[in-house]
Amino acid sequence: MSIDEKIVADFVANRIEFVTTVPCKQLGGVIDQVERSPQIHHVPSNKEDEGMGLCAGAFMGGKRAAIIMQNTALGVTGNTLATLIQFYRIPLPMLISYRGELGEPIACQVEMAVHTKALLAQLHIPTYHFHRQEDVGEFDKILKYTYMCNKPVAILTDASFWGGY
Amino acid sequence: MIRSEVLREIVPLISDHLVVCNIGLPSQELHHIDDQPSNFYMLGTMGLASSIGLGLALAQKEKVIAIDGDGSVLTNLGTLPTVANNVADNFILLIIDNGSYGSTGDQPTYAGKKTSLAAVARACGCETVVEVAAKDTAQALKTALEGDKMTVIVSKCISGNIKLPVIAMDPVVIRDRFMREVQRRNS
Ligand SMILES: [Mg+2]
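Protein sequence lines correspond, in order, to chains W and X. Going left to right, the first sequence walks through residues 1 to 165 as UniProt numbering numbers them. Going left to right, the second sequence walks through residues 1 to 187 as UniProt numbering numbers them.
See the structure below:
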């Protein structure tokens with residue numbers, strides 16, 4: 001089973017039926033798997049705060065929802081995380097490509113990478129960092145943890161985890 | 001007609017449906033006129049009423065009406081292509097377009113100038129889009145509810161507000177009450 005297949009299998013095993021995505025090169029494979037999964041309703045969104053709104057609505061409609069996005073989007077979702085997801089206590093797994101780490105070819109990505117963990121810490125969002133391929137073994141537990149505590153939970157996945165570009 | 005008068009006219013139609021209501025005065029007005037468990041009030045997060053409403057409509061069978069504003073749609077304009085391309089025939093997006101940011105003191109929006117939100121919605125691919133004068137909103141909504149077709153309604157009204165207190169309900173109570181109602185109606 002590939003990492004992409006494992007992540008989507010864990011989504012399905014945890015009854016996550018609605019996934020919204022904003023693409024990133026690193027996430028291409030997992031987004032393809034989400035699109036292919038018959039158990040998951042995939043709704044691409046144009047911006048991550050919009051995606052979080054879709055997830056909040058789907059959750060209230062009875063479907064567990066997750067978002068797949070890039071870490072740069074933490075710069076545009078602060079208000080939505082605080083005033084919608086956290087204020088109303090909506091569980092939200094956020095699978096995030098952690099651009100700007102080792103192996104990154106684009107200097108500008110580092111500019112948000114240096115703020116990524118600080119922003120998540122400031123927002124009191126439980127954060128996990130997948131660096132080695134075997135780290136994906138914790139994904140299932142992280143999803144269960146998310147629905148135990150009804151919080152947004154971030155899973156940062158860097159280039160080493162995805163095996164480079 | 002101002003927004004609160006439009007809301008008063010449509011309450012008999014929306015009262016029996018799931019409603020996601022925009023931040024600020026629209027939610028305060030709906031809460032004041034017709035508070036009930038089938039209403040989800042946004043206490044923050046300007047712009048996301050249409051996104052929350054669409055997510056809700058896609059996830060369950062009951063009809064959903066998102067009450068949005070022109071300023072809020074402008075702040076999340078990317079929502080219209082998402083609505084157009086993810087058709088939910090149980091979804092109605094009602095944009096009450098008073099050409100101003102009502103909750104912040106009636107500063108003008110571009111929707112009150114050159115920008116037509118109905119034309120934007122059509123250009124984004126929304127198939128059923130109607131623009132009506134405020135007094136015809138209830139009729140347009142009635143038609144949309146009977147039509148079982150995803151519909152965007154742009155209701156052109158004048159700006160103006162009534163003085164109301166903020167909603168004191170806890171957000172978790174609003175959400176929990178709403179979710180129980182969604183579940184009850186779907187079971
Ligand atoms: Mg307005």
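We put the CB at the ideal spot given by N, CA and C, even for glycine. Please read all numbers here as calculations on a predicted model, not as lab measurements.
May I ask you to report which of helix, strand or coil DSSP gives W/Gln26?
helix
Using a Cβ-based criterion (distance less than 8 Å to any ligand heavy atom), does X/Asn161 qualify as near ligand 1?
no
Starting from the C-beta of X/Glu131, find all residues in its chain whose C-beta is less than 6 Å away, skip the five residues before and the five after it, and write them out in chain order.
Ala118, Val154
Could you check whether the Cβ of W/Ile16 sits closer than 8 Å to any heavy atom belonging to ligand 1?
no
Selection from W/Trp162, W/Lys141, W/Gln39, W/His124 that minimises the alpha carbon distance to W/Ile96
W/Trp162
For a contact defined as C-beta to C-beta under 9 Å, what are the partners of X/Ala59 on chain W?
Glu17, Phe18, His41, Gly57, Ala58, Phe59, Met60, Gly61, Gly62, Lys63, Ala65
Report yes or no: do the segment 71-86 of chain W and the segment 117-128 of chain W share at least 3 C-beta pairs separated by less than 8 Å?
yes
Is W/Thr146 close to chain X? Criterion is C-beta to C-beta, closer than 9 Å.
no
Shorter than 8 Å, the distance from the beta carbon of W/Ile96 to the closest heavy atom of ligand 1, or not?
no
According to DSSP, which residues form a beta bridge with W/Val110?
W/Val110 is not bridged to any residue.
Which same chain residues end up closer than 7 Å to X/Cys126 when comparing Cβ atoms and leaving out the 5 residues on each side of it in sequence?
Leu80, Val83, Ala84, Val152
Proximal chain C residues relative to X/Asn186, where beta-carbon distance stays under 9 Å
Going by chain labels, chain C is absent from the structure shown, which instead holds the protein chains W and X.
One question on the structure: do residue 190 of chain X and X/Ala88 come within less than 9 Å of each other, judged by their Cβ atoms?
Residue coverage of chain X in this structure runs from 1 to 187, which leaves residue 190 of chain X outside it and unanswerable.
Which residues does DSSP list as the beta-bridge partners of X/Val83?
Answer by DSSP bridge pairing: none, since X/Val83 is not bridged.
Give a yes or no on contact between the segment 59-66 of chain W and the segment 56-71 of chain X, applying the rule of three or more CB pairs nearer than 8 Å.
yes
For a quick check, are the C-beta atoms of X/Phe178 and X/Phe91 less than 9 Å apart?
no
Name the residues in the segment 68-86 of chain W whose C-beta lies less than 7 Å from a C-beta of chain X; which are they?
Asn79, Thr80, Thr83, Leu84
Can you give me the C-alpha to C-alpha distance between W/Val39 and W/Val8, rounded to a whole angstrom?
It should be noted that the sequence gives Gln, not Val, for residue 39 of chain W. About 10 Å.
Burial state of X/Asn186, where buried means 16 or more other Cβ atoms lie within 10 Å
exposed
Shortest alpha-carbon distance to X/Pro165 belongs to which of X/His17, X/Ile33, X/Ser50?
X/Ile33
Less than 9 Å between the beta carbons of W/Ser45 and W/Val12, yes or no?
no
Helix or strand or just coil, what does DSSP make of residue 190 of chain X?
There is simply no residue 190 of chain X to check, as chain X begins at 1 and stops at 187 in what is shown.
If the cut-off is 9 Å on Cβ atoms, which residues from the segment 28-52 of chain W count as contacting chain X, listed in chain order?
His41, Val43, Pro44, Ser45, Asn46, Lys47, Asp49, Glu50, Gly51, Met52
Does DSSP put W/Tyr145 in a helix, in a strand, or in coil?
helix
Taking the straight line between their C-alpha atoms, what separation do you get for X/Ser50 and W/Ser2?
36 Å
Using a C-beta to C-beta distance shorter than 7 Å, which residues of chain X count as neighbours of W/Leu54?
Ser51, Leu54, Gly55
Closest to W/Glu5 by CA distance: which of W/Val76, W/Asp140, W/Lys151 is it?
W/Asp140
Whole alpha helix (DSSP H) runs in the segment 40-70 of chain X with 4 or more residues, listed along the chain?
49-59
X/Thr137 beta carbon less than 9 Å from that of X/Val11:
no
On the CB-based measure, 16 or more other CB atoms within 10 Å of its CB, does W/Cys55 come out buried or exposed?
buried
Contact test: X/Ile67 Cβ vs ligand 1 heavy atom, cutoff 8 Å:
no
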